[in-house]
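Numbering (the numbering used here), first residue to last: -19 to 378.
Dropping the structure here:
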């Protein structure tokens, strides 16, 4: 098959959506399929390159301005650059895809490529990554409004087949976009196990002066959906029991409320913010940690699953039925707290730091669970089976 993979986010940009799109593209190519990845220009990345067995084209884009608010996003829009619809159409005309894999329901490249697929009656999968929700009433209202008046009407026109990654995503998509079993597949997040079989790239404890004390790593961009407030508000209790604890927040800060709250609680000195780090360095941060947690507002995303795979005890905030068909057992093969529950976070962290043997046992079971269910090779094969079915059905209809 010829598969076009489309995502505004793509390496060298870091983030779960970018890495999942690239990892799946690499897997498709490794299995003998011809792959074209189309994304938005980013930093000094080449406009056109071939890597990992497939071609990557980066279209000119306009970067979203940073407004200096407590919430800012590093996003680029290709549709605002004149000529990009023509460029995209030419790329796809020349490539002649059998199917298109769109990533991100609110990205303009998904809309443009989806429009092409609709016009040419091509099968398309749309993976839902980030949910437009926020605990902040103002932001939450804005996000809901955008979903209602912009995203949902576009998706109703495109009529993609949805790939939904977890129960939170299912509930969200049913409510916002009217999805159902008839137009959706439920595949788990793909985790690149190979990235954790390589030698560590750095000594994180030495680089950040962490010493031998307990370290909590919280990895992933700070956005309203992952605002770090439950962890910060748990810190006074944690530090009371374990005064030497350090929290290392790894990722870009687009939502800085947690830093202001840390100042108010007098725990700012226990927090180190590194900014974004290369994908290759992620295993080193997990290796330096005693505990990893950042999905505390409801979720268990790529970074949490990678942390579990690495063999580090990892706390998330979903229910045990979060991944259809995958058995999660709290306290055995996963560590779960209720969303936005700082007291539960404090109690779980203290218990894990008090009992290293239990921490190591749970970490081992988490790693085995992720390896068995979320491995990139397993998830890629599920996607390809779906593509083959959709392409066959499209050929019959033609």
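All C-beta atoms, glycine included, are put in the ideal place defined by N, C-alpha and C.
Close CB contacts of residue 102 within its chain, under the 8 Å cut and outside five residues either way in sequence, are with 77, 78, 79, 80, 96 and 374 (chain order). As summarised for the segment 72 to 139, the continuous beta strand (DSSP E) elements at least 3 residues long and confined to that stretch are 79 to 83 and 104 to 108, given in chain order. For the pair residue 251 and residue 242, the CB atoms are nearer than the 8 Å cut-off. Taken through DSSP and simplified to helix, strand or coil, residue 13 comes out as coil. In the three-state DSSP reduction, residue 306 falls in the coil class, being neither helix nor strand. Listed as beta-bridge partners of residue 234 by DSSP are no residues whatsoever. Sequence-distant Cβ neighbours of residue 194 in its own chain, meaning closer than 7 Å and more than five residues away, are 222, 224, 225, 270 and 333. Here the alpha carbon of residue 273 sits roughly 10 Å from the alpha carbon of residue 266.
A contact between stretches requires three or more CB pairs, one per stretch, nearer than 8 Å, and the segment 278 to 293 meets this requirement with the segment 326 to 346. The segment 4 to 23 and the segment 210 to 222 do not touch, with fewer than 3 CB-CB distances between them shorter than 8 Å. Residues of the same chain with a CB within less than 7 Å of the CB of residue 275, apart from the 5 flanking positions on each side, are 206, 281, 284, 296 and 297 in chain order. Contact annotation: the segment 141 to 152 does not touch the segment 235 to 249, with fewer than three C-beta pairs closer than 8 Å. Residue 168 counts as buried, since no fewer than 16 other beta carbons sit within 10 angstroms of its beta carbon. In this structure the segment 129 to 148 touches the segment 157 to 168; the number of beta carbon pairs closer than 8 Å is three or more.
Cβ neighbours of residue 64 within its own chain (closer than 7 Å, five residues either side excluded): 39, 40 and 58. Note on the segment 159 to 235: whole beta strand (DSSP E) runs with a minimum of 3 residues are 164 to 166, 195 to 199 and 226 to 230, in chain order. According to the DSSP assignment, residue 30 belongs to the beta strand (DSSP E) that extends over 28 to 31.
Listed as beta-bridge partners of residue 18 by DSSP are -14 and 37. Straight-line measurement puts the Cα of residue 356 at about 14 Å from the Cα of residue 348. 8 Å or more divides the Cβ of residue 293 from the Cβ of residue 351. The alpha-carbon separation between residue -12 and residue 24 amounts to approximately 15 Å. Listed in chain order, the non-local C-beta contacts of residue 42 below 7 Å within the same chain comprise 56, 57, 60 and 61, local neighbours out to five positions each way being set aside. In the three-state DSSP reduction, residue 276 falls in the coil class, being neither helix nor strand. Around the CB of residue 44, fewer than 16 other CB atoms lie within 10 Å, so the residue is classed as exposed. Less than 8 Å divides the Cβ of residue -19 from the Cβ of residue 371. Here residue 100 is exposed. Its C-beta has fewer than 16 other C-beta atoms within 10 Å. By the beta-carbon neighbour count (other beta carbons within 10 angstroms, threshold 16), residue 126 is exposed. In the displayed model, residue 297 falls within a strand according to three-state DSSP. Just measuring C-alpha positions, the residue of 337, 229, 303 and 83 sitting nearest residue 18 is 83. For residue 191 and residue 268, the gap between their C-alpha atoms comes out near 10 Å. Excluding five sequence positions before and after residue 174, the CB atoms of its chain that fall closer than 8 Å to its own CB belong to 356, given in chain order. Within the DSSP bridge table, the entry for residue -4 names no partner. Per DSSP, the continuous beta strand (DSSP E) segment holding residue 254 begins and ends at 251 to 255.
The residues -12, 38, 39, 41, 56, 58 and 89, in chain order, have a CB closer than 7 Å to that of residue 20 in the same chain once the five nearest residues on each side in sequence are set aside.
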